[in-house]
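Take a look at the structure below.
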Amino acid sequence: DAGVTQSPTHLIKTRGQQVTLRCSPKSGHDTVSWYQQALGQGPQFIFQYYEEEERQRGNFPDRFSGHQFPNYSSELNVNALLLGDSALYLCASSTRGSGATDTQYFGPGTRLTVL
Amino acid sequence: AQTVTQSQPEMSVQEAETVTLSCTYDTSESDYYLFWYKQPPSRQMILVIRQEAYKQQNATENRFSVNFQKAAKSFSLKISDSQLGDAAMYFCAYRSDSNTGNQFYFGTGTSLTVIP
Chain A
1 DAGVTQSPTH LIKTRGQQVT LRCSPKSGHD TVSWYQQALG QGPQFIFQYY
51 EEEERQRGNF PDRFSGHQFP NYSSELNVNA LLLGDSALYL CASSTRGSGA
101 TDTQYFGPGT RLTVL
Chain B
116 AQTVTQSQPE MSVQEAETVT LSCTYDTSES DYYLFWYKQP PSRQMILVIR
166 QEAYKQQNAT ENRFSVNFQK AAKSFSLKIS DSQLGDAAMY FCAYRSDSNT
216 GNQFYFGTGT SLTVIP
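So the protein sequences, as listed, match chains A and B.
Residue 95 in my numbering sits at position 95 of the first sequence; the count goes up by one each step and never skips.
Residue 173 in my numbering sits at position 58 of the second sequence; the count goes up by one each step and never skips.
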């Protein structure tokens, strides 16, 4: 049973560029949440996708956007990168529909460095 | 918004001994879930234990147990018979039981060192 997978593992970008991160949820899960974890901090909620729509959003600017595909996988896009966007980006999956789960399962994360 | 506080940035424990990590939270809700996650250097967040707020009985998972004090809004994690593999960052997390929101709120973490 495959767990949550994320790609790429590491990414280096320069200020002003755009980046796309990818996530495949755990088998049987239909909901994907994205978190930003700055160094030495706990994860901060960015947004959550369910049924291909953004259902909840944390306190992040519109430069952060996402998408969910029919197979439940998801992308996180960040435009106009700032130095402060350097962080570990975590994807978490859960089930919101039938058989909803209260627990989120996390992927290994993508380490984004903005120079 | 709910807040989660972990007041111990670092803790250490001798191998085979017991350690307790503290967590407090602030909420006006009556139904919610609490979690402890472990994040080793590999970065993967691993679920350690979960607790439903409506349950008075403290959750237990092998060597891991919690002390859930709802009135005090406290949720501490006890690790018994500590092992070298327990060394990691530990995060306390809160999740609402609301249908409109199930995002997790995390504390800032406690770094646990296990001394051989």
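Note that beta-carbon positions come from the ideal geometry of N, C-alpha and C, so glycine has one too.
Just so you know, these numbers come straight off a predicted model, no measurement behind them.
Counting pairs of Cβ atoms below 8 angstroms between the segment 186 to 203 of chain B and the segment 83 to 94 of chain A, do you hit three or more?
-> No: fewer than three Cβ pairs fall under 8 angstroms.
In this structure, does DSSP put Gly40 of chain A in helix, strand or coil?
-> Here the question's residue 40 of chain A lines up with position 40 in the first sequence. Coil at Gly40 of chain A, not helix or strand.
Closest by C-alpha distance to Gln41 of chain A, when choosing among B:Phe221, B:Pro231, B:Val229 = Numbered from its first residue, the first sequence carries residue 41 of chain A at position 41. Put simply, of B:Phe221, B:Pro231, B:Val229 the residue whose alpha carbon is nearest the alpha carbon of Gln41 of chain A is B:Phe221.
Would you give the residue range spanned by the beta strand (DSSP E) that Tyr205 of chain B belongs to?
-> Looking up residue 205 of chain B in the second sequence gives position 90. Start and end: 203 to 211.
Of the listed residues B:Ser197, B:Gln159, B:Thr142, nearest to Leu227 of chain B (C-alpha basis) | Reading the second sequence from its first residue, position 112 is the one you call residue 227 of chain B. Out of B:Ser197, B:Gln159, B:Thr142, B:Ser197 has the C-alpha closest to the C-alpha of Leu227 of chain B.
Measure the beta-carbon distance from Gly16 of chain A to Leu81 of chain A and round it to whole angstroms, keeping in mind my assumption that it falls under 8 angstroms.
-> Stepping through the first sequence from its first residue, residue 16 of chain A is reached at position 16. Stepping through the first sequence from its first residue, residue 81 of chain A is reached at position 81. Contact holds; Cβ gap of about 6 angstroms.
When we look at the beta-carbon of Ser7 of chain A and count the other beta-carbons within 10 Å, is it buried (16 or more) or exposed?
-> Residue 7 of chain A sits at position 7 when you count from the first residue of the first sequence. When all chains shown are included, Ser7 of chain A counts as exposed.
Against chain A: residues of the segment 189 to 213 of chain B by CB proximity under 7 angstroms = Cβ contacts with chain A come from Phe206, Arg210.
Using only alpha-carbon positions, find the residue among B:Gln121, B:Val119, B:Val128 that is nearest to Pro231 of chain B.
-> For the purposes of this step, residue 231 of chain B is taken as residue 116 along the second sequence, with counting starting at 1. Checked all of B:Gln121, B:Val119, B:Val128; the closest Cα to Pro231 of chain B is B:Val128.
DSSP-derived helix/strand/coil call for Leu82 of chain A = Residue 82 of chain A sits at position 82 when you count from the first residue of the first sequence. In the structure shown, Leu82 of chain A sits in coil (DSSP, three-state: anything other than H, G, I, E or B).
Residues within the segment 160 to 188 of chain B neighbouring chain A, beta-carbon criterion of under 7 angstroms = Close to chain A, meaning a Cβ-Cβ distance shorter than 7 angstroms, are the following residues of the segment 160 to 188 of chain B: Met160, Leu162, Arg165.
State yes or no: is the C-beta of Gly84 of chain A within less than 8 angstroms of the C-beta of Trp34 of chain A?
-> Within the first sequence, residue 84 of chain A is the residue found at index 84, counting from 1. Within the first sequence, residue 34 of chain A is the residue found at index 34, counting from 1. No, the pair does not count as a contact, with Cβ atoms beyond the cut-off.
Would Gln56 of chain A count as contacting chain D if we go by Cβ distances under 8 angstroms?
-> Absence of chain D from the displayed structure is noted, the protein chains being A and B.
Select from A:Asn71, A:Glu51, A:Phe47 the residue whose C-alpha is nearest the C-alpha of Leu60 of chain A.
-> As a working note, residue 60 of chain A is residue 60 in the first sequence. Before going on, a small fix: residue 60 of chain A reads as Phe here, not Leu. Of the candidates A:Asn71, A:Glu51, A:Phe47, the one whose C-alpha sits nearest the C-alpha of Phe60 of chain A is A:Phe47.
Ser157 of chain B versus Phe219 of chain B: straight-line alpha-carbon distance, rounded = Looking up residue 157 of chain B in the second sequence gives position 42. Looking up residue 219 of chain B in the second sequence gives position 104. Here the C-alpha atom of Ser157 of chain B lies approximately 21 angstroms from the C-alpha atom of Phe219 of chain B.
Can you tell me whether DSSP reads Leu115 of chain A as helix, strand or coil?
-> Your numbering for residue 115 of chain A matches position 115 in the first sequence. DSSP places Leu115 of chain A in coil when its eight states are reduced to three.
Tell me, please, whether the CB atom of Leu83 of chain A is closer than 8 angstroms to any CB atom in chain B?
-> Start at 1 with the first residue of the first sequence, and residue 83 of chain A comes out as number 83. It does not: the Cβ of Leu83 of chain A has no partner Cβ on chain B nearer than 8 angstroms.
Helix, strand or coil for Gly200 of chain B per DSSP?
-> In the second sequence, the residue the question calls residue 200 of chain B occupies position 85. Helix at Gly200 of chain B.
Does DSSP classify Cys91 of chain A as helix, strand or coil?
-> Translated into the one-based positions of the first sequence, residue 91 of chain A becomes position 91. Strand.
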